[in-house]
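Colleague: The structure under discussion is supplied below as structure tokens; questions concerning it will follow.
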Amino acid sequence: MTLWVLIGIVIKILMIVGITQGTVAYLILVERKIAAYAQDRIGPNRCGAQFGLPAALLQPLADGAKMLLKEDVVPKYVTKPLYILAPWIAIVTAMIGFAVVPFGPVGPNQLIDFQIAPNVDMGLLYVLAVGSLAVYGVILAGWASNNKYAFIGGLRSSAQLISYELPLGMSILGMLLLAGSLDMNQVIAWQSQNAWGVLVQPLGFILFFTSAFAETNRLPFDLPESEQELVGGFHTEYSAMKFGMFFLGEYLHIITVSFITVILFWGGWHLPFLGLTPESSGLIDTLLKVGIITGKVFLAILFIMWIRWTLPRFRYDQLMDLAWKSMIPLALINLVATAGIVQLVRTYWN
Amino acid sequence: MTSRNAAPDAPAAGGRAGHPWRKRPARFSMSVMDAAGPVFRVESPAAPLRRGRDAIGRPVRIAAPIVRTPPSIRRLAMTNQPPVRPEWTTTIDPILQKELERYVLVTNWEKLLGMVDVVYNWGRRSSLWPLGFGLACCAIEMICTASSRFDIARFGAEVFRGSPRQADLMIVSGTVTKTMMPLIARLYDQMPEPKYVMAMGACASGGGPFKEGYNVVSGVDKHLPVDVYVPGCPPTPQALLNGLIALQRKIDGETIVQAPWYRGGVERDVPIPALGPDLVDLRTVELAAERTAQGLIEKREAGLEKPRLIPAPTADPVDPPPAEAPSGKPVKKPKQAVARPSAVWLGDAGLAELADRLNAELGAGTAAIVQAGLLIPAEKLVDAARFLRDRNPIRYDYLASLQSVHYQDCIEVNYHLDSTSRPGSLILLRVRVAEAEGEGELPSLYHVYRGADLQEREVYDMMGVRFVGHPELKRILMWEGFAYHPLRKDYLEPYYEAPTKVFASRVDEGFGRHVRAEELNPHGTNLKIPQGFKDWASLSGSNDPKGEAPLPGGVQVEELESDQFQVSMGPQHPSTHGVFRMNVRLDGETIVGLKPVMGYMHRNHEKIGERNTFLMNFPFTDRLDYLTSMGNNFGYALAIEQLMGDEAKPPERAEYIRVIMAELTRVASHMWSVGFLLNDLGAFFTPALYAIEERELILDLFEWASGSRMMCNYFRFGGVAADLPPGWLDRCRAIVEDRLDRKIDELDRYLSGNEILLDRTKGVGVLSAEDAVGYSTGGPVLRASGVAYDVRRAAPYGIYDRFEFAVPTGRAGDLYDRYYIRILEMRESVRILKQAVRKIPEGPVLAGKKSYQIKVPAGEAYGRVENPKGELGFYVVADGSAAAYRYHVRSPSFINLTALERMCLGRTIADVVGILGSLDIVLGEVDR
Ligand code: SF4
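Residue numbers (the working numbering), protein chains in the order written: chain V, 1 to 350; chain Z, 1001 to 1928.
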């Protein structure tokens, strides 16, 4: 029995790694297409046309092939071990977060557990903890490159990521209080029985989503690599696949935060009027659940991308002010208010 | 849709025996979707890229010519020479076998390698990420290629990387100057293999119109291996796309076996050339040293006709002694133009009164009237300037322009002063110093007019006149260590041929023969080093004589150890709008020192302008501020028309056309600048590309009227080159009446109220009105600080006095005001346009006949227009010959930069990028 579980887990890991990597590659294409539409252009449409495929469907493969075969420059002046380690940190920390993310229904009576490590009690904590490790990749890259732009980029990102950890963590506490668990499946279950997180915790949602932008280095918070100021920021000195790994890491991060957003605030696999319950476990129901959750995630990702091609960027000090002077206090207020209300309800309602 | 077939008729080019599968390079055909949709086939040979040596022995990559075999011959060849079949296939139906071989089976090594190559090449051809750097005018077209109308993204090549480490393709888009060349070489070396170079435009390919300049490299291929040349000046975006397709074809022909970058022992890096007394290519340094020591340059120059020197103007206009023509006959006495510094000025009476006042206040002999200017002795200059600024009834608080002329007996430095409180009362101060090289010395006006800062440095650089009291008198356009002061009349450039064009060598070329400038120079390239130079060993590519940043005052060097560090932003940097550089000293993110470093686009406009005939110079003015060529034409035309007098008074219709063109230019330029300011603030290209859409419509109008999108060359002395084509005005009306207003509203609506934009721009980079005037800023920068100074109002030219328009001003002088003032100015421009397109009369468009040769009377003139960037002035000294004796451009972008440091200190890096964007500089004009 345990052996089967183990094999199942290994298969799941392989599948998730494969699927996410592939998705990420195509997300980059999606982003380029979105950029094109945002800017009234066509975007990539040639690559793959030779083989009769529309819409540059092979573009990610071409980019990948090129990057893999490109000369991998390690400049003389870098601190070599750290320079090589940094992109790995970036991509590994982005990957292992997926261990506890439920991609669909999870539970004892389900067909399959759509989660590598099912029903982890502190799943959310784990995701946040692992996610915040990613900053090491950025800082080390900036520091080891021995390049001034990279260095400033690294410094900025360490300050930024540390600052936004706080509102990010605090903004979800309200939701967790309501659901009464750190297990993401419980949170979804709670939402399917009561109401979506975004309705009961609107402030929490806004704070979380905003911090998520900062956590993923996306515009308007992409200061660590702000192109107009720092050329490439922390990855200025990276070429070929090492640079590609930062790229992948960034998009993996986007997928993770989108999942968390969907799970915590957009009801996970739940859609009103479909009658899906945490217990429903038929084949169709399962497929529906998986479809709904990935669909929602895709929407969240599209939204994040759309923002990137729309807004200008904050300045560094404004970013810090926003985190410390507005978002953290608001998150605290949200937490205290939620705690109070939950306590009141529990005491006087039941 | 792809077929792979080994073409049996390929020559055994690679011919290395021993490996059977290497005997013949494989050939492929691949279908490529054309822009228009139809599929066509490209045959390309398998990359016989050879390493070879060029004429003077430098290693280069030589691509074999693309050999195309017509399909009929190919089929024929195929039937004649059946490929060798492996034995196990004998049982298969021969026809099927053939088909299989053709399309599917990997039957031999060659095919396997061929398939690997297909994948290998396909990855690179589809994902060519260009290095994000632009040099000059061509870069503007490169950016347009990324805009929605052309969209380079279709080829997967829109990912412009700021870091060379991540780029595959270097598009050398513009004039390569000597100052810039070491940096381009370094960028090239930093790019990882496989890397490609595209020379975009005439300049990058061979020097282009600026080839004869002393600071211009005659084509980037003198230093780097170039893969594709894109002709044009500038190449249109379509041409660039065509170049990209050509590069893709070239890539299709490469094979992994022969790719030079995988071969051990092949050194593909190029040595970085050294900035010594001139730009020295270290690969040929021995040769250069030998030829220099032989004095070949000096020998050649001794035999050439030198530029003529004329005496400086004197108080009572005695006729200049008739100069000797080369033939020995005395030249006819040139006609004299009316003496006045500019079309609108103080006037003779006012000037006489002013001279008297100066003499009374500061002692006799302070001012003498010389040719409508005040001649002031050097030692009285500072006092006189202070008096004029602070105590004179008309406060001359604005140093409009500062330039120098090399005369026979002196170097004259002259100053155009104007008053922002009584605009239009321009005066000219003349100061004269010793003529001999390095002898001239003047008191600096730095402390009276801060705007003199960069302009004095320019005079020092170009003429060798030292300004005592200038805090930091260093070369500005050339580098420290450059051997000459190039604007002196006795400096002859390496490619010098004759004082004026058309050069004799170019006329008598004869059939089938032409002279390349390289053949005239003993070094075979644009190189000139004084014979006495001995220090060849010290030349090294790692020196950076331009970038040695002066320390800002009050900063201790020891502090550097603790928490300040210096960053060099530029010249290749996403924010610098070209090849501008800022040496920034940072404390954390705060700027504690900033020095602009320029000259990377110095392409010797003024020196070349002294040899061009007057008419010939028009296209060169296009390339000053390449976003506003019509406006530049206007200013230059005004200057020469001032000399020519009433003879060149443009007819009514031409006047209207000029205003229409100038205002359309303003809208286009402001659209661009607003868009890219937003880009600098981090809104990644989206607003910019939307703004460009409208600009494209305007460019279409320009192209229709003048034949060129960007380099219009449309104005002539006394009118314009050609009448508007039929239908032009209707289309123009449609755009002006319907589209522009809406577009401006749209920009205004979406941008001006954006929360982040407000946060980023309000209160940032404040320039007070006093400073704005003191620093001689012009245009939107000056007006954003609340000074309503607009040349169209202050010194009306053309028919601007007939139109109703407001001169909008800002209040705070911050980044937001500088952004918003441009929106307002666009609205005013549209207002003028509406009036102009309604009232434009029929009639001729040129005074007099069209002619190639124009007689310009001797004299001085200063033509000024309100260009989108600010006051653009052309100072011309004519001596009655076919070309200008001295030709100087008062460039608004350059002078606006004087205030950059002032605005940036204490702000952060992010702000600097925005502030620079709000100055809206164009490097062609900054460095000229
Ligand atoms: S002059 Fe300007 S437009 Fe012409 S080729 Fe040179 S850089 Fe390009």
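The C-beta atom is built at its ideal place from N, Cα and C for all residues, glycine as well.
Please report whether the beta-carbon of Z/F1155 lies at a distance below 9 angstroms from any beta-carbon of chain V.
Modeller: For the purposes of this step, residue 1155 of chain Z is taken as the residue at position 155 of the second sequence. Cβ-Cβ to chain V under 9 angstroms: yes for Z/F1155.
Colleague: Find the residues of chain V that neighbour Z/W1261, judging by a C-beta separation of less than 9 angstroms, and give them in chain order.
Modeller: Counting from one through the second sequence, the residue named residue 1261 of chain Z turns up at place 261. Result: E71.
Colleague: For V/A240, go through chain Z and note every residue whose CB falls closer than 7 angstroms to its CB, in chain order.
Modeller: For the purposes of this step, residue 240 of chain V is identified with residue 240 of the first sequence, where counting begins at 1. Within 7 angstroms Cβ-Cβ: P1192.
Colleague: Going by CA-CA distance only, name the one from Z/S1851, Z/S1706, Z/T1292 that's closest to Z/D1535.
Modeller: Your numbering for residue 1535 of chain Z matches position 535 in the second sequence. Among Z/S1851, Z/S1706, Z/T1292, the Cα nearest to that of Z/D1535 belongs to Z/T1292.
Colleague: Taking only runs of the beta strand (DSSP E) that begin and end inside the region 1183-1228 of chain Z, which ones reach a length of at least 3 residues, in chain order?
Modeller: Entirely contained in the region 1183-1228 of chain Z, the beta strand (DSSP E) runs reaching 3 residues are, in chain order, 1196-1200.
Colleague: Is V/P87 close to chain Z, meaning its C-beta is less than 9 angstroms from at least one C-beta of that chain?
Modeller: In the first sequence, the residue the question calls residue 87 of chain V occupies position 87. Chain Z contact via Cβ: absent.
Colleague: List the endpoints of the continuous alpha helix (DSSP H) containing Z/F1565.
Modeller: Here residue 1565 of chain Z refers to the residue found at position 565 when the second sequence is read from its first residue. Not the alpha helix (DSSP H): Z/F1565 falls in the beta strand (DSSP E), residues 1564-1569.
Colleague: For Z/G1438 and Z/C1904, I'd like the C-alpha separation in whole angstroms.
Modeller: The residue given as residue 1438 of chain Z occupies position 438 in the second sequence. The residue given as residue 1904 of chain Z occupies position 904 in the second sequence. Distance between the alpha carbons of Z/G1438 and Z/C1904: 34 angstroms.
Colleague: Since I believe Z/I1921 is in contact with Z/L1896 (beta carbons under 8 angstroms), could you give me their beta-carbon distance rounded to a whole number of angstroms?
Modeller: Your numbering for residue 1896 of chain Z matches position 896 in the second sequence. Your numbering for residue 1921 of chain Z matches position 921 in the second sequence. The sequence shown places Asn at residue 1896 of chain Z, not Leu. Contact holds; Cβ gap of about 7 angstroms.
Colleague: Where do the ends of the beta strand (DSSP E) carrying Z/N1403 lie?
Modeller: Stepping through the second sequence from its first residue, residue 1403 of chain Z is reached at position 403. It should be pointed out that residue 1403 of chain Z corresponds to Gln in this sequence rather than to Asn. Here the beta strand (DSSP E) through Z/Q1403 covers 1398-1406.
Colleague: What is the DSSP secondary structure of V/Q39, reduced to helix, strand or coil?
Modeller: Along the first sequence, read from residue 1 onward, the residue named residue 39 of chain V stands at position 39. Three-state DSSP puts V/Q39 in coil, outside helix and strand.
Colleague: Given that V/R41 touches chain Z, what residues does it touch there, using C-beta distances under 7 angstroms?
Modeller: As a first step, residue 41 of chain V must be located in the first sequence, where it is residue number 41. S1148, D1151, A1153, listed in chain order.
Colleague: Using the beta-carbon of each residue, which ones in chain V are nearer than 8 angstroms to Z/Q1853?
Modeller: The sequence position of residue 1853 of chain Z within the second sequence is 853, counting from 1. Neighbours of Z/Q1853 on chain V: none; closest Cβ ~48 angstroms, over 8 angstroms.
Colleague: Between Z/A1545 and the ligand SF4, is there a pair consisting of the residue's CB and a ligand heavy atom that are separated by less than 8 angstroms?
Modeller: The residue labelled residue 1545 of chain Z in the question sits at position 545 within the second sequence. The amino acid occupying residue 1545 of chain Z in the given sequence is Pro; Ala does not appear at that position. No; taking the cut-off as 8 angstroms, the Cβ of Z/P1545 has no heavy atom of the ligand SF4 nearer than that.
Colleague: So if I measure from each beta-carbon to every heavy atom of the ligand SF4 and keep distances below 6 angstroms, which residues remain?
Modeller: My final list is Z/A1136, Z/C1137, Z/C1138, Z/G1174, Z/T1175, Z/G1201, Z/A1202, Z/C1203, Z/G1208, Z/P1209, Z/C1233, Z/P1234, Z/R1623.
Colleague: Does the Cβ-Cβ distance between Z/G1578 and Z/V1926 come in under 9 angstroms?
Modeller: Your numbering for residue 1578 of chain Z matches position 578 in the second sequence. Your numbering for residue 1926 of chain Z matches position 926 in the second sequence. Against a cut-off of 9 angstroms, the Cβ pair of Z/V1926 and Z/G1578 comes out as a contact.
Colleague: Among the candidates V/G233, V/I255, V/V262, V/E237, whose CA atom is the shortest distance from the CA of V/G197?
Modeller: In the first sequence, residue 197 of chain V corresponds to position 197, counting from 1. The shortest C-alpha separation from V/G197 is found at V/V262.
Colleague: Does the beta carbon of Z/H1573 come closer than 9 angstroms to any beta carbon on chain V?
Modeller: Counted from its first residue, the second sequence places residue 1573 of chain Z at position 573. Yes, Z/H1573 lies at the interface with chain V (some Cβ there is under 9 angstroms from its Cβ).
Colleague: Between Z/A1688 and the rest of its own chain, which residues show a CB-CB distance below 6 angstroms, the 5 nearest in sequence each way excluded?
Modeller: For the purposes of this step, residue 1688 of chain Z is taken as residue 688 along the second sequence, with counting starting at 1. If we look at Z/A1688 and ignore the five residues flanking it on each side, its Cβ neighbours are G1675, F1676, N1679.
Colleague: Look at V/F265 and V/F208 and say whether their C-beta atoms are less than 9 angstroms apart.
Modeller: Your numbering for residue 265 of chain V matches position 265 in the first sequence. Your numbering for residue 208 of chain V matches position 208 in the first sequence. Yes, the Cβ-Cβ distance between V/F265 and V/F208 is below 9 angstroms.
Colleague: Give me the Cα-Cα distance between Z/S1147 and V/S211, rounded to the nearest whole angstrom.
Modeller: Locating residue 1147 of chain Z in the second sequence gives position 147, where the first residue counts as 1. Locating residue 211 of chain V in the first sequence gives position 211, where the first residue counts as 1. Those two C-alpha atoms are separated by around 32 angstroms.
Colleague: Note down, in chain order, each residue of its chain lying with its Cβ closer than 6 angstroms to the Cβ of V/L58, except the 5 sequence neighbours on either side.
Modeller: Mapped onto the first sequence, residue 58 of chain V falls at position 58. Answer for V/L58: C47, G48, listed in chain order.
Colleague: Got a sec: which bits of the region 55-83 of chain V sit with their beta carbon under 9 angstroms from any beta carbon on chain Z, in order along the chain?
Modeller: Listed in sequence order: A56, L58, Q59, L61, A62, D63, G64, A65, K66, M67, L68, L69, K70, E71, D72, V73, P75.
Colleague: Mind checking which residues open and close the beta strand (DSSP E) that includes Z/Y1875?
Modeller: Position 875 of the second sequence, counted from the start, is the residue given in the question as residue 1875 of chain Z. First-last of the beta strand (DSSP E) with Z/Y1875: 1870-1878.
Colleague: Strictly below 9 angstroms CB to CB, what residues from chain V border Z/R1165?
Modeller: Sequence index remark: in the second sequence, residue 1165 of chain Z carries index 165 (1-based). Here the neighbours are V73, P75, G232, H235, T236, E237, Y238, S239, A240, F243.
Colleague: Look at the alpha carbon of Z/L1131 and the alpha carbon of Z/Y1626, and state the distance between them as a whole number of angstroms.
Modeller: Looking up residue 1131 of chain Z in the second sequence gives position 131. Looking up residue 1626 of chain Z in the second sequence gives position 626. Z/L1131 and Z/Y1626: Cα-Cα distance of roughly 21 angstroms.
Colleague: Just by C-beta distance, which residues in the region 1882-1908 of chain Z are closer than 8 angstroms to chain V?
Modeller: Under the 8 angstroms Cβ criterion, the region 1882-1908 of chain Z contributes T1908.
Colleague: Beta-carbon within less than 7 angstroms of Z/D1397's beta-carbon, same chain only, minus the 5 sequence neighbours each way: which residues are those?
Modeller: Within the second sequence, numbered from 1, the residue matching residue 1397 of chain Z stands at position 397. Once the five neighbours on either side are set aside, the close Cβ partners of Z/D1397 are R1389, S1419, T1420, V1773.
Colleague: Let me make sure I understand the geometry here. Which of Z/N1612, Z/R1422, Z/N1604 has the alpha-carbon closest to that of Z/A1498?
Modeller: Counting from 1 along the second sequence, the entry for residue 1498 of chain Z is found at position 498. Residue Z/N1612 is the option with its Cα nearest to Z/A1498.
Colleague: I'd like to confirm the pairing. Which residues does DSSP put opposite V/F247 in its beta bridges?
Modeller: Translated into positions along the first sequence, residue 247 of chain V becomes position 247. For V/F247, which the question treats as bridged, DSSP gives no partner whatsoever.
Colleague: Below 8 angstroms on C-beta distance, what does V/A38 contact in chain Z?
Modeller: One-based indexing of the first sequence puts residue 38 of chain V at position 38. Those are T1686, listed as they occur along chain Z.
Colleague: Spatial neighbours of Z/A1339 within its chain, please: C-beta separation below 6 angstroms, excluding the five flanking residues on both sides.
Modeller: Taking the second sequence and counting its residues from 1, the one referred to as residue 1339 of chain Z is at position 339. These residues qualify, in order along the chain: Q1371, A1372.
Colleague: Nearest to Z/G1873 by alpha carbon, out of Z/M1191, Z/Q1403, Z/Y1775?
Modeller: Locating residue 1873 of chain Z in the second sequence gives position 873, where the first residue counts as 1. Ranking Z/M1191, Z/Q1403, Z/Y1775 by Cα distance to Z/G1873 puts Z/Q1403 first.
Colleague: So, is Z/R1760 buried or exposed, given that buried needs 16 or more other C-beta atoms within 10 angstroms?
Modeller: Counting from 1 along the second sequence, the entry for residue 1760 of chain Z is found at position 760. Answer is buried; the Cβ neighbour count reaches 16.
Colleague: Quick check: is the beta carbon of V/K325 nearer than 9 angstroms to any beta carbon in chain A?
Modeller: The question asks about chain A, but that chain is absent: this structure's protein chains are V and Z.
Colleague: Since Z/G1593 and Z/R1581 should fall inside the 8 angstroms C-beta cutoff, what is the C-beta to C-beta distance between them, to a whole number of angstroms?
Modeller: Counting from 1 along the second sequence, the entry for residue 1593 of chain Z is found at position 593. Counting from 1 along the second sequence, the entry for residue 1581 of chain Z is found at position 581. Z/G1593 to Z/R1581, Cβ: 14 angstroms. No contact.
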